[in-house]
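If you're matching them up, the sequences are chains D and U in order. The numbering of the first sequence is our numbering, which starts it at 1 and goes up by one. The numbering of the second sequence is our numbering, which starts it at 1 and goes up by one. Glycine included, C-beta positions come from ideal geometry on N, C-alpha and C. All of these numbers come straight from a predicted model, not from anything done at the bench. Structure, as structure tokens:
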Amino acid sequence: MTDFGPLLLSLRLAAVTTLILMCLATPLAWWLANTRSMLKAPVQSIVALPIVLPPTVLGFYFLLFLSPNSLLGGFWVEVTGSSLTFSFTGLVIASIVYSLPFAVQPLVSAFETLGRKEVEAAWTLGASRLDAFVSVVVPLTRPGFLSAVVLSFAHTLGEFGVVLMVGGNIPGATRTVSIAIYDHVESLDYSAAHALSLTLLGIAFASLLALFVVNRRARV
Amino acid sequence: MSGTRLEARYRLPRGGFALDIDLDLPAEGVIGLFGVSGSGKTTLLRCLAGLERQAIGRFALNGDVFDDAEAGLRLPPWKRGISVVFQEPRLFAHLDVERNIRYGEQRTSRSPPVEFAALVELLGLAPLLGRKPARLSGGEAQRVAIARALMSAPRLVLMDEPLSALDIARRNEVLPFLERLHAALPVPLMYVSHQQDEILRLADTLLVLDEGRVLAAGPLPDLLARADLPGLSGDSAAVVVPGVARAMDAEFDMTEVATGAGSLWVTSRYTPGTPLRLLVRARDVSVSLAMPEGSSIQNRVPAVIAAVMETGGPTVVLRLDARGTVLLACVTRRAVAELDLRPGRAVFANIKSAAVRQASV
């Protein structure tokens with residue numbers, strides 16, 4: 001009997017990460033799409049960094065950054081009494097950074113494609129910044145939001161290197177599905193690896209399929 | 001001066017172009033904003049709407065201040081109550097026509113100048129209300145955009161060449177709606193165009209921009225009588241003569257209009273008593289020394305030549321005084337020499353009746 005605990009943990013990690021990520025990525029993407037600031041290029045580069053950086057490098061820095069000996073990690077231990085490294089919270093923080101470009105980039109490109117025309121029209125009709133964003137920008141860039149959600153969810157679900165470095169392999173806390181699969185293969189338990197891999201493949205395919213179908217319908 | 005006036009002073013340097021504007025106009029009726037492409041018309045409108053963040057200056061409407069750089073005041077666009085009809089409709093694609101039109105209405109505490117039902121009727125929108133913007137033609141979409149701007153109960157409406165993206169047929173479809181609005185609307189409207197006929201049909205006050213500066217501003221008839229405004233002088237010079245329909249000739253589809261210059265016949269029928277605006281183009285007016293006989297020209301009024309204005313081409317524009325009403329006539333230099341046309345000379349102004357344009361006030 002295959003243990004689906006790691007899969008559930010991964011789904012929980014992906015859901016929490018995606019939720020927080022959308023809250024952070026939306027204003028960041030709006031700023032990037034509209035600013036003429038000198039800071040735009042550096043910020044864009046930092047956001048895109050996780051795409052090109054090996055996950056182990058990212059994970060290594062997170063290990064240092066989140067450890068109880070670091071500023072943030074030490075502060076966290078003082079406040080909560082537990083360590084960020086090798087914990088679910090630590091994984092969420094690392095995942096947010098790791099998946100950030102997958103949330104930000106679809107949104108930036110959706111906002112840039114939309115342009116400012118409709119927003120300006122909404123403003124002159126009495127809609128404040130936030131009102132115009134919620135009532136005009138979000139509905140008109142819905143495909144971009146869907147892409148951002150699906151991509152960051154799927155990307156978080158499948159991460160391996162960062163989790164291994166930051167989270168280790170603690171059942172119920174940091175033993176995610178990709179690590180479990182790796183373990184099963186290491187111990188030559190191919191049937192368990194199969195069960196998990198196939199489920200993951202199914203989820204990934206289904207979410208991408210849903211994305212493309214919904215986005216195509218939205219365009220018509 | 002406060003009261004019903006629009007006062008604006010703006011500076012906006014940008015690349016090779018700089019806007020430098022100082023205005024004080026009556027905020028009533030339609031202010032036509034005329035000028036060639038690149039003269040700063042759109043930029044001025046965006047300044048007034050609060051969409052140009054780099055603009056420095058002061059702007060007050062009826063004494064309410066919207067921008068005051070010295071006092072550090074700049075109201076955001078959504079707090080101005082100034083709605084804009086842009087060159088392209090900019091409708092919200094996810095909302096149907098009715099919800100587009102009501103978007104601004106839901107966000108204001110003022111009541112719209114026209115009831116929703118009356119506006120739908122006026123702009124002919126009833127069959128479109130349930131449609132999404134993607135299923136509208138260009139002319140329909142622009143009419144919806146106009147309705148949407150008015151339903152936000154604006155204190156000032158800005159229209160930036162709302163007809164420029166339309167072909168001639170669509171333009172002629174929307175223009176009559178604008179003329180009807182002009183008659184029904186208690187809100188001041190600033191209307192940008194580089195099409196002379198749109199301005200002449202709609203504007204009460206005219207503002208001419210050139211290279212980011214005000215070239216001329218004032219009542220339309222006064223400005224039209226000048227001969228030095230690009231696009232409004234020389235061959236394209238025209239005057240607007242107000243009048244009232246007096247009698248109808250049903251057999252020939254013509255109406256006699258009483259004007260200051262005398263009675264003029266226009267084509268098509270108007271109920272006696274209807275106030276009208278007659279557009280008389282200089283090139284449709286000729287002069288003769290005696291009352292012509294056997295001519296197809298329907299309108300002849302006695303006049304005195306007030307001035308002979310050079311246009312720099314082979315023609316000149318004569319300014320005629322017809323019992324106190326100014327008319328312009330475009331004639332050749334040779335005619336001036338042969339007929340000895342000079343200020344003070346009594347002539348007959350011959351106006352092709354077919355060329356007289358009618359626009360309800």
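Item                                                                                                                         : Value
Buried or exposed (CB count within 10 angstroms, at least 16 for buried), U/K243                                             : It should be pointed out that residue 243 of chain U corresponds to Gly in this sequence rather than to Lys. Buried is the call here.
C-beta atoms of D/E118 and D/L140 nearer than 9 Å                                                                            : yes
DSSP three-state assignment for U/D197, whether helix, strand or coil                                                        : helix
Proximity of U/L33 and U/L178 at Cβ, strictly below 9 Å                                                                      : no
DSSP-derived helix/strand/coil call for D/L208                                                                               : helix
Contact with chain D by U/F92, beta-carbon distance below 9 Å                                                                : yes
Contact with chain D by U/T4, beta-carbon distance below 9 Å                                                                 : no
Closer than 9 Å to chain U by CB, D/S147                                                                                     : no
The region 59-72 of chain U / the region 97-106 of chain U touching (three or more Cβ pairs under 8 Å)                       : no
Distance between D/P42 and D/R12 (C-alpha atoms, nearest Å)                                                                  : 32 Å
Same chain only: Cβ atoms within 7 Å of U/L123, ignoring 5 sequence neighbours per side                                      : R143, I146, A147 and F177
The region 119-137 of chain D: positions lying closer than 9 Å to chain U by Cβ                                              : E120, A121, A122, W123, T124, L125, G126, A127, S128, R129, D131, A132, S135 and V136
Nearest-angstrom Cα separation, counted from U/G294 out to U/R46                                                             : 55 Å
Proximal residues of chain D, C-beta to C-beta of U/W78 below 9 Å                                                            : A122, W123, T124, L125, G126, A127, S128, R129, D131 and A132
Separation of U/P26 from U/M1, as counted between CA atoms                                                                   : The predicted position of U/M1 is uncertain, since its pLDDT is 42 and thus under 50; no value can be drawn from it.
Own chain partners of U/A306 with C-beta closer than 7 Å, once the 5 adjacent residues on each side are dropped              : R319, L320, D321 and P343
Given D/L19 as reference, the closest of D/L146, D/G73 and D/V108 once Cα atoms are compared                                 : D/L146
Beta-carbon contacts of U/P314 that lie in its chain and below 7 Å, excluding the five residues immediately before and after : T332 and R333
Cβ of D/P143 within 9 Å of any chain U Cβ                                                                                    : no
Where D/I96 falls, given that 16 or more other Cβ within 10 Å makes a residue buried                                         : buried
Beta carbon proximity, D/L39 to chain U, threshold 9 Å                                                                       : no
Buried versus exposed, by CB contacts within 10 Å (16 or more), U/S268                                                       : exposed
Selected residue, minimal CA-CA separation from U/V280, among U/M291, U/A261 and U/G273                                      : U/A261
Against chain U: residues of the region 83-110 of chain D by CB proximity under 7 Å                                          : none
Inter-residue spacing [alpha-carbon to alpha-carbon] between D/S128 and U/P112                                               : 19 Å
DSSP bridge partner residues for U/F59 (one or two, in chain order)                                                          : U/A8 and U/D67
Partner residues on chain U for D/P139, Cβ-Cβ distance less than 9 Å                                                         : F92, A93, H94 and L95
Proximal residues, the region 49-75 of chain U versus chain D, C-beta separation under 7 Å                                   : A49 and L51
contact_flag[the region 100-114 of chain D, the region 59-71 of chain D] where n(CB pairs < 8 Å) is 3 or more                : no
Assigned exposure category for U/F348 - 16 Cβ within 10 Å defines buried                                                     : buried
Nearest-angstrom Cβ-Cβ length linking D/S152 and D/L21, presumed shorter than 8 Å                                            : 5 Å
Through-space distance from U/F66 to D/A122, alpha-carbon basis                                                              : 18 Å
DSSP state of D/V213 mapped onto helix, strand, coil                                                                         : helix
Collapsed DSSP secondary structure at D/L222 in the structure displayed                                                      : Residue 222 of chain D falls outside the range modelled here, since chain D spans only 1 to 220, and no answer is possible.
Rounded distance between the beta-carbons of U/Y191 and U/A183, thought under 8 Å                                            : Actually they are not in contact, since the Cβ atoms of U/A183 and U/Y191 sit about 14 Å apart, beyond 8 Å.
Simplified DSSP assignment, three categories, for U/D20                                                                      : strand
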